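In UniProt numbering, the protein residues as written are 1 to 192.
Following: one structure in structure tokens, then a few remarks.
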Ligand SMILES: C[S@@+](CC[C@H](N)C(=O)[O-])C[C@H]1O[C@@H](n2cnc3c(N)ncnc32)[C@H](O)[C@@H]1O
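Next comes the structure, spelled out in structure tokens:
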């Protein structure tokens, strides 16, 4: 697949070029303009199945008229999560996992990420404390329309929520919280 860097992406994240070059050199396929709510309909992706599908800090975008505590904005975040889980589930391999990094403090815990995943036939397998230091050179960015290249606070209750197909986990009451991440790369990963 030919490698090109979208102008729009560079406008939003002027510092992205080096990372994209590196990913390209490592043999990653880079796709632009994918909507996480309908990834499963994308001509390139729909024939593939992934062992890991990763979405770090989903956010439906800022609205100058709303703050993060407002129900209307929370609903938009919930819709994004629901759309993402429904679509990602279609692309997940049999024993695959969907990983979402997300803050588990107020008001972000009102997004109710666990229920959203369950509605899409997924179940929470594990929660791992998100330690930014585990990811050298990763700088979390706001994305969206304004201040897109700026970072945002992760607080001290950010986790990686790991979901699998519901029937992969018979006893979903034994969800474990662990603090060491498995950084193994022997997987087919889709990172959005
Ligand atoms: C808070 S930012 C996190 C960005 C990046 N994942 C990180 O960890 O720094 C939320 C991201 O979700 C993306 N996003 C929101 N809705 C989306 C959608 N429907 N499809 C694809 N990406 C979406 C935004 O473009 C933005 O980049």
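Heads up, the beta-carbon is just placed ideally off N, CA and C, and yes, glycines get one too.
Just so you know, these numbers come straight off a predicted model, no measurement behind them.
Same chain only: Cβ atoms within 8 angstroms of residue i, ignoring 5 sequence neighbours per side
i	result
residue 112	78
residue 116	78, 81, 82 and 85
residue 180	Legend: pLDDT at residue 180 = 36, less than 50; position of this residue unreliable, no value from coordinates given.
residue 140	56, 57, 132, 151, 152 and 154
residue 93	49, 50, 51 and 188
From the options, residue whose alpha carbon lies closest to that of residue i
i	options	result
residue 191	19, 55, 24 and 6	55
residue 201	21, 15, 13 and 107	The structure shown does not extend to residue 201, since the chain is modelled only from 1 to 192, so the question has no answer here.
residue 100	122, 94, 144 and 106	122
residue 16	162, 157 and 138	138
residue 152	40, 58 and 25	58
residue 119	50, 96, 87 and 24	87
residue 102	154, 63 and 64	154
residue 35	60, 97 and 189	60
residue 48	96, 144, 13 and 66	96
residue 37	114, 76 and 134	76
residue 53	98, 166 and 136	98
residue 166	136, 134, 114 and 135	114
Cβ pair residue i, residue j closer than 7 angstroms
i	j	result
residue 129	residue 159	yes
residue 157	residue 105	yes
residue 42	residue 188	no
Extent of the continuous alpha helix (DSSP H) to which residue i belongs
i	result
residue 76	71-91
residue 16	16-25
residue 10	7-12
Neighbourhood of residue i by C-beta, 7 angstroms cutoff - its chain only, sequence neighbours within 5 removed
i	result
residue 30	3, 20, 23 and 24
residue 74	107, 110 and 111
residue 40	46, 87, 90 and 91
residue 145	61
residue 72	66
residue 10	16 and 17
Enclosing beta strand (DSSP E) for residue i [first to last residue]
i	result
residue 56	50-56
residue 189	189-191
6 angstroms CB neighbourhood of residue i in its chain, flanking five on each side removed
i	result
residue 6	32
residue 150	142
query = Of all the beta strand (DSSP E) runs that stay within the bounds of the segment 98-163, which reach a length of 3 or more residues?
reply = 122-129
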